[in-house]
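In our numbering, the protein residues as written are 60 to 459.
Down below is the structure, laid out as structure tokens.
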Amino acid sequence: MNLAVLNLKNYLAKKSWQECLFIFFVAVWIMSLPFKNAVYQISQPLIILYFLIYIFITKNYKPLLKNLEKTRHLALGFGLLFLSMIVANFLNPELLDKKSWHITLMFLVRYAMMFVMLAYFYTLGFFSKKEIIAAVFASFFLLTFTAIYQILGDVNVLFDIKEGLTGSLTNRNATGLMMGLAVTSSIVLFSYSRKLSPVFMIYFIFFMIFSFSRSAWVASFTAGVCFLVLNFKSFDKKDKRALLIYIIVILLFLSIFWFGFDSLKTRLNELLEGNSSNRYLIWKYSWSMFLQNPLFGYGVDTFRNLPDSVVKFDGHFNSTHNMPLEILLYTGIFGFLASFFTIFLIFKQLCKNLVLLPVGVHFLVATQFDYGAYSSKELLSYLTILVFLAYADEFRKKTL
Numbered sequence: 060m061n062l063a064v065l066n067l068k069n070y071l072a073k074k075s076w077q078e079c080l081f082i083f084f085v086a087v088w089i090m091s092l093p094f095k096n097a098v099y100q101i102s103q104p105l106i107i108l109y110f111l112i113y114i115f116i117t118k119n120y121k122p123l124l125k126n127l128e129k130t131r132h133l134a135l136g137f138g139l140l141f142l143s144m145i146v147a148n149f150l151n152p153e154l155l156d157k158k159s160w161h162i163t164l165m166f167l168v169r170y171a172m173m174f175v176m177l178a179y180f181y182t183l184g185f186f187s188k189k190e191i192i193a194a195v196f197a198s199f200f201l202l203t204f205t206a207i208y209q210i211l212g213d214v215n216v217l218f219d220i221k222e223g224l225t226g227s228l229t230n231r232n233a234t235g236l237m238m239g240l241a242v243t244s245s246i247v248l249f250s251y252s253r254k255l256s257p258v259f260m261i262y263f264i265f266f267m268i269f270s271f272s273r274s275a276w277v278a279s280f281t282a283g284v285c286f287l288v289l290n291f292k293s294f295d296k297k298d299k300r301a302l303l304i305y306i307i308v309i310l311l312f313l314s315i316f317w318f319g320f321d322s323l324k325t326r327l328n329e330l331l332e333g334n335s336s337n338r339y340l341i342w343k344y345s346w347s348m349f350l351q352n353p354l355f356g357y358g359v360d361t362f363r364n365l366p367d368s369v370v371k372f373d374g375h376f377n378s379t380h381n382m383p384l385e386i387l388l389y390t391g392i393f394g395f396l397a398s399f400f401t402i403f404l405i406f407k408q409l410c411k412n413l414v415l416l417p418v419g420v421h422f423l424v425a426t427q428f429d430y431g432a433y434s435s436k437e438l439l440s441y442l443t444i445l446v447f448l449a450y451a452d453e454f455r456k457k458t459l
């Protein structure tokens with residue numbers, strides 16, 4: 060404990076108060092992502108205010124311009140995507156939800172501005188990638204603490220597939236998203252820490268499994284396979300032995316759950332049998348509606364207001380549960396092409412940093428079954444962090 064305090068003091072001593080303040084704001088923002096409470100709501104405005112004041116006082120615009128030059132294609136893709144949202148909203152005022160314009164505006168603020176600000180202060184040396192990664196893992200651990208509290212209050216959540224672990228979030232799929240990302244991030248951590256990676260992995264797997272979120276299971280498994288394919292040849296014999304032992308331990312760990320919880324068996328059988336939880340019906344409806352208005356779509360967050368919307372049959376059918384379909388439905392072919400271009404650029408950058416590629420694969424797989432392209436705060440915030448980490452090395456490269 061004393062050593063940790065000493066290390067913290069040494070760390071803070073090397074930082075100016077401006078750097079410490081910014082790091083504090085960013086850490087609060089990241090660690091509050093699983094909660095969506097007042098802390099989360101105020102953390103972003105504080106970062107934006109800090110950024111604007113810093114720019115006003117220092118008049119240091121060069122990093123902004125240099126970073127824009129380095130990410131000009133990404134900026135173009137995002138700009139076209141944002142434009143497609145605006146066009147779709149203007150063309151369909153009668154279908155818009157009361158939050159449609161709010162979601163559109165916040166799409167720019169929450170993700171584009173956060174990326175710009177992270178890039179700016181990273182270029183100035185205010186923080187390192189390690190600090191961002193540490194805050195991300197801290198956010199995962201904080202969510203697990205709320206899930207543990209939930210279990211202590213009612214252990215039946217582990218046995219009832221209609222419930223599942225939610226922690227501080229409103230539904231199990233959101234918790235599954237977080238814990239799935241935690242598992243995948245722990246897998247990727249193996250490249251840096253052979254000891255911490257398996258411990259974190261086993262810990263987070265428990266919470267991911269009992270969220271009963273099948274999309275998280277599939278995404279984490281796919282990301283894990285991707286990690287092995289990309290890195291297995293680069294591991295030495297010692298790493299391969301350690302990896303084999305870790306896999307065996309994890310399988311034993313999963314076997315205990317398999318024989319101890321019928322809820323897990325039921326949920327896994329539903330996955331293997333292709334039970335879509337009515338997603339096929341939702342996807343069929345979404346596709347048919349897209350074909351009726353293919354160019355620019357119906358506007359952001361209009362699913363509930365569309366003609367003969369399936370949400371009228373069941374309140375749970377309130378979104379497309381598929382990112383490509385949501386993009387097509389809300390912003391049409393225009394938005395889809397802009398999104399495809401942007402995603403292509405992101406994966407192209409991830410391929411330059413293969414350590415992060417499995418996390419990108421996780422996002423891609425998970426969004427085929429759950430979560431939206433425009434209003435999923437947790438997913439898009441973590442995606443913003445991933446894109447920043449993918450481009451981080453570019454921001455500190457000196458231009459000729």
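We treat Cβ as the ideally placed atom computed from N, Cα and C, and that holds for glycine.
Can you give the Cα-Cα distance for residue i and residue j, rounded to whole angstroms?
i	j	result
residue 194	residue 437	14 angstroms
residue 408	residue 121	23 angstroms
residue 308	residue 432	36 angstroms
residue 78	residue 197	20 angstroms
residue 159	residue 312	44 angstroms
residue 88	residue 439	13 angstroms
residue 141	residue 363	21 angstroms
residue 214	residue 227	16 angstroms
residue 174	residue 321	43 angstroms
residue 333	residue 387	24 angstroms
residue 402	residue 91	26 angstroms
residue 378	residue 176	31 angstroms
residue 117	residue 136	30 angstroms
residue 202	residue 341	30 angstroms
Excluding the 5 residues flanking residue i on each side, which residues of the same chain have their C-beta closer than 8 angstroms to its C-beta?
i	result
residue 82	74, 185, 186 and 190
residue 182	122, 125, 126, 454 and 455
residue 417	243, 246, 247, 282, 283, 285, 286 and 289
residue 84	102, 105, 106 and 109
Cβ of residue i less than 8 angstroms from any chain D Cβ?
i	result
residue 277	Structure shown: chain D not included; a single protein chain is present.
Quick check on this structure: which residue in the options has the alpha carbon closest to the alpha carbon of residue i?
i	options	result
residue 291	414, 231 and 141	414
residue 131	150, 443, 417 and 404	404
residue 430	279, 235, 355 and 209	235
residue 205	86, 94, 355 and 378	94
residue 242	252, 262 and 254	262
residue 106	152, 169 and 336	169
residue 350	177, 211, 378 and 389	389
residue 444	111, 144 and 172	172
residue 166	451, 434 and 452	434
Near residue i, which residues of its chain fall below 7 angstroms by C-beta distance, leaving aside the five closest residues on each side in sequence?
i	result
residue 323	268, 316 and 317
residue 365	154, 348 and 357
residue 157	none
residue 462	Residue 462 lies beyond the stretch modelled for the chain, which goes from 60 to 459, so this question has no answer here.
residue 442	422
Quick one: what's got a C-beta closer than 6 angstroms to residue i's C-beta in the same chain, skipping five residues either side?
i	result
residue 355	146, 147, 150, 391 and 393
residue 178	126 and 454
residue 449	408, 409, 412 and 415
residue 37	Any property of residue 37 remains undetermined from this structure, which presents the chain solely from 60 to 459.
Practice task
At 4 residues or longer, and completely inside the segment 291 to 322: list those alpha helix (DSSP H) runs for me, N to C.
Solution key: 296 to 319, all fully within the segment 291 to 322.
Practice task
Kindly provide the ranges of any beta strand (DSSP E) runs that are 3 or more residues long and lie completely inside the segment 108 to 147, ordered along the chain.
Solution key: Scanning the segment 108 to 147 from its first residue to its last, no whole beta strand (DSSP E) run of 3-plus residues comes out.
Practice task
Quick one: which unbroken alpha helix (DSSP H) runs of 4-plus residues sit fully inside the segment 147 to 198? Chain order, please.
Solution key: The qualifying runs are 159 to 166 and 173 to 182.
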